[in-house]
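So in this note's numbering, the last spot in the sequence shown is 694, and the numbers never skip.
No residue lacks a Cβ here, since even glycine has one placed at the ideal position from N, Cα and C.
Scroll down for the structure; my scribbles are underneath it.
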Amino acid sequence: MIRAAAATLAALLATTAHATTLAELAKPPADAQHFIIESTGGKHGDSYIWTLPDGTLMGRDSMNLRGQVFETEMAMKRDASGVPVSMVIRGFTPQGDAGETFAVKDGTATWTSPVDKGSAKFDGKSFYSSQGGPAATNTAFVEALIASPDKTLTLLPGGTAHARKLTSTTVGEGKAAETVDLWAISGLSNAPFPVWLTPDGKVFATTFGIGFLPEAYAGEQAKLEKAQQAALAEEAPKIAHSLVHVPATPVAFTHVRTFDADALRFRADQTVVVDHGTIAAVGPAASVKVPANAQVIAGDGMTLIPGMWDCHMHVGDDYTGPQELSLGVTSVRDPGNDDLLTINRRERAAKGDLLFPHVYPSSLIDGKGPYTAQVANVATSQAEAIALVDRAKANGFTGVKFYGTFDPAWLPAAIKQAHAQGLHVHGHIPHGIRPSVAVADGYDEITHINWIAMEGVPDSVLPTDNGIGRFEAPGRYMKDTDIGPGSPIGKLVATMAAKHIYSDPTMVAFEATYYPENGELSPAYAPFQGTLPPTVERGFRSGGFQVPKDLTRDDYRKSWAKMVQLVGVMHKAGVPIVAGTDGSGIEIVRELEIYHDAGFTPAEALAAATIVPARLVGQDAHTGSIKVGKTADLALVAGDPAKNLGDLRHTRLVMLEGKLLEADALRAAAGYAGRPAYGGD
């Protein structure tokens, strides 16, 4: 048996030189630990962990997220303290070959991953944090961390992780009842990473929208999420109360450049006075009277803008709030999330116990199938779809977002009900139909630039375009697709302009999908290099989706360039564009830089992140521009965005309903080591 195990590991090492096929990946034994990968949308895959007779830890994941397939395995040898001395990862992800190795020899650790390679002196204590791989890699790390004397581990290639216990709960019933402990791991990402362990320090489950739960406890995700949210929420009031300053007197921003979103222009040497959370005066510095008791903020060399919007931000956790605010984002549209968590955050923010931008949520509604969206509300009939629309209204949401597995036959009735309830309707395009059909059925907005591009793809793509085809087809065909007047896409654009149908193109998401190779840091993240936790920055170096064998990366890049051209065509035609990212929360300025590349003026690009989204949700009478009587949602940035949109990253002060927030303090609370670098378009 030991000889067979050694042969297995040798075979793994020998095959990392080529892309591994599904047939070559290890088959979990019958006695392997089995975890179900699931969300409110249903099951998304399986995860297994087992140990070979020689002590080699094995892991195997098989996951499908809306057509994005992850098939990975891991073999790890560890020392007595649980620290890896060798690791081999094989398999494939949407980015391509997942091959990764780590080894220690003669006191030196070396590693090669899809995004980097390097070496360092090995102290016998540092844990190699893999760039990819199955859940077993994290399981081994967490268990070694918990077993360490001070619950701290240094990481390779960089960083330090620390664990602290938050709470306990009981799952299962009767003889199956088990007490599990929630631990928060810091140092891996900008926010604490939650993980559930048994009292003896073994990983039980993780859940963060998508859950990895033992097969016997797969129905306990909601219970764990609820307990986890309550425990993590205890940190939020400390952040909110320490970072917020409520001015006791009026606040005057003097001699500042302002962005007039209503007039689409920048104005020099202005003064803006805020009193009790409301904009009280706006105008030339020479003529606006500053109240005698005002707190004066000198704006020389700076620009005051309306608080920005991220119109496509799936809120991750409580730390999303300080992060977004640190960039001057005071309003967020969440186009799909766990509805209960959304409601919970809204209630805590209203009490002042959570520091967060204004959130305008949509309820995500999908059909049932292998490509069902994670965290979706699933409808299996038209009646259920209508009931979910009604529930969105009852929950105080502003819109509904339909998804790719939703039955297109239900769209007319569901959209009619949504409009009757006063809800905004947007989303992906259900499989089998083109975006023009969704517009005809009543969509108010099309989400993502790829769905506009799908108007011009061959008919053969449509039946399965709720899977990976929604990415591959635009990448394959867009470079050669006619987008001029009279073309299918041109006609769609004209219809959208005539009907005032919005577009939320999320260009940064598709730049990351089509343009970079593994190892390259996207322009959205390059300004933040050195300010991010090492594991986060390394993760951002994952390249775009793997290119089909009959295409090249250059083909995908040419199609991407055509999509940039398309968003310019839409803007010129009069389609209202709202800026969203569908990212981690720091990409919004890059989104605007891409608009500028497409032909927007800086003022038009910034309007897409201020007044235009305010109009979309019907809040333009209250926010979205710097105007007397409006709520004081503002951001003070160093520099001149009229000349360089990249200056928008350099926030110094933020106002949320008149409350003052220091941008640097917000960055620190959100896990950033400093300010982003200068640069931009």
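Where residue i falls: helix, strand or coil (DSSP)
i	result
His371	strand
Pro227	strand
Gly687	coil
Asn702	Summary: the structure shown does not reach residue 702, with the chain confined to residues 14 through 694, and so no result is reported for it.
Asp59	strand
Ala510	helix
Asn357	helix
Phe523	helix
Val12	Nothing about residue 12 can be read from this structure; the chain reaches only from 14 to 694.
Ile399	helix
Tyr416	coil
Lys364	coil
Asp129	coil
Lys492	helix
Phe410	coil
Ser572	helix
Residue i and residue j closer than 8 Å at C-beta
i	j	result
Phe105	Tyr141	no
Leu647	Leu317	yes
Thr123	Val388	no
Phe410	Pro374	yes
Asp595	His325	yes
Ala392	Ile378	yes
Leu158	Ala244	no
Met76	His57	yes
Leu436	Lys406	yes
Thr271	Gly55	no
Glu600	Gly659	no
Thr696	Lys138	Any answer about residue 696 is impossible in this case: the structure gives the chain only from 14 up to 694.
Ile446	Pro471	no
Gly172	Pro547	yes
Phe558	Pro107	yes
Thr183	Gly145	no
Ala88	Trp63	no
Val309	Asp347	no
Spatial distance of residue i from residue j (CA atoms)
i	j	result
Val588	Leu424	22 Å
Ser161	His175	10 Å
Glu533	Val128	8 Å
Phe135	Gly556	28 Å
Pro501	Glu468	6 Å
Thr33	Thr544	35 Å
Asp59	Ile50	5 Å
Tyr61	Lys164	26 Å
Ala622	Asp323	7 Å
Met315	Lys504	43 Å
Leu338	Val667	7 Å
Asp330	Arg688	22 Å
His439	Val630	12 Å
Arg489	Leu564	8 Å
Thr192	Phe553	36 Å
Gly224	Val295	50 Å
Ala240	Gly412	28 Å
Gly334	Asp352	17 Å
Met576	Ala682	36 Å
Ala655	Ala620	12 Å
Ala511	Leu579	17 Å
Val602	Ala627	18 Å
Arg280	Arg103	56 Å
Val450	Asn657	39 Å
beta-carbon residue i near the ligand ZN non-hydrogen atom, thresh 7 Å
i	result
Ala307	The ligand ZN is absent from the structure shown, which contains no ligand whatsoever.
Enumerated in chain order, which unbroken segments of the beta strand (DSSP E) with a length of 3 residues or greater are wholly contained in the stretch 132-208? 165-169, 173-184 and 191-199
Using 8 Å as the cut-off, can you tell me whether the stretch 152-172 makes contact with the stretch 183-202, which would need three or more C-beta pairs spanning the two stretches below that distance? yes
Only counting runs of 3 or more residues, tell me where the beta strand (DSSP E) segments fall wholly within the stretch 292-353, in order along the chain. 308-311, 315-319, 321-323 and 342-347
Would you check if the stretch 288-299 and the stretch 600-614 touch, i.e. whether three or more CB-CB distances between them fall below 8 Å? no
The stretch 224-239 touching the stretch 634-645, judged by at least three CB pairs closer than 8 Å: no
Can you list the alpha helix (DSSP H) stretches of 4 or more residues lying completely in the stretch 530-569, in chain order? 547-552
With a threshold of 8 Å, are at least 3 pairs of Cβ atoms found where one atom belongs to the stretch 327-344 and the other to the stretch 646-666? yes
So, does the stretch 453-461 touch the stretch 504-520, judging by three or more C-beta pairs under 8 Å? yes
Are the stretch 266-278 and the stretch 237-257 touching by the rule of at least three beta carbon pairs closer than 8 Å? no
Every unbroken beta strand (DSSP E) within the stretch 430-469, with a cutoff of 3 residues, ordered by chain: 437-440 and 458-460
Three or more beta-carbon pairs under 8 Å between the stretch 354-368 and the stretch 246-253, yes or no? yes
Would you check if the stretch 295-307 and the stretch 570-583 touch, i.e. whether three or more CB-CB distances between them fall below 8 Å? no
Mind pulling the alpha helix (DSSP H) runs of 4 or more residues that sit fully within the stretch 32-99? none
Whole runs of the alpha helix (DSSP H) within the stretch 577-659, excluding any shorter than 4 residues: 601-610, 615-620 and 624-629
Start-end ranges of the beta strand (DSSP E) lying completely within the stretch 228-279, minimum 3 residues: 264-273
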